[in-house]
Amino acid sequence: MQKERFDRIISFLLGASWAIVIFGALITFQIFFFLGLSLALFITITFIVISLFLILALDAFSINREKYYEMKKQSDLLEKINSKMQNSFEQ
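The numbering used here applies: residue 23 is where the sequence shown begins, and numbers increase by one.
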């Protein structure tokens, strides 16, 4: 089954987000290192936590979308089963 365009965009964004977290943490640490090691570590950890929260939100959005489509398929299947059962009881 071929992925939809939206699924490809979400997958790309998730991959790009992980790259941004890794390189962003390194860059953030280097930028704030002149203010002191402890402050640079604090700001870097804060950046990582915020970034991971955004990645989790994006991943949760993707999972809920997949769950919605699966529930939709199941509902269609149950409606078909129900209509066949109704037809068999009427006869």
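All residues carry an ideal CB built from backbone N, CA and C; glycine is no exception.
Discussion item. Please state the DSSP three-state secondary structure of Glu26.
Written reply: Here Glu26 sits in coil by DSSP.
Fill in: Unbroken alpha helix (DSSP H) run spanning Leu59, endpoints
59–112 is the span of the alpha helix (DSSP H), which, as asked, contains Leu59.
Item to complete: Using beta-carbon positions only, say whether Ala62 and Phe54 come within less than 7 Å of one another.
Response: The answer is yes: Cβ separation under 7 Å.
Item to complete: Under the assumption that Ser39 contacts Leu76 (Cβ atoms under 8 Å), give the Cβ distance between them as a whole number of angstroms.
Response: Their Cβ separation, rounded to whole angstroms, is 7 Å, which keeps Ser39 and Leu76 in contact under 8 Å.
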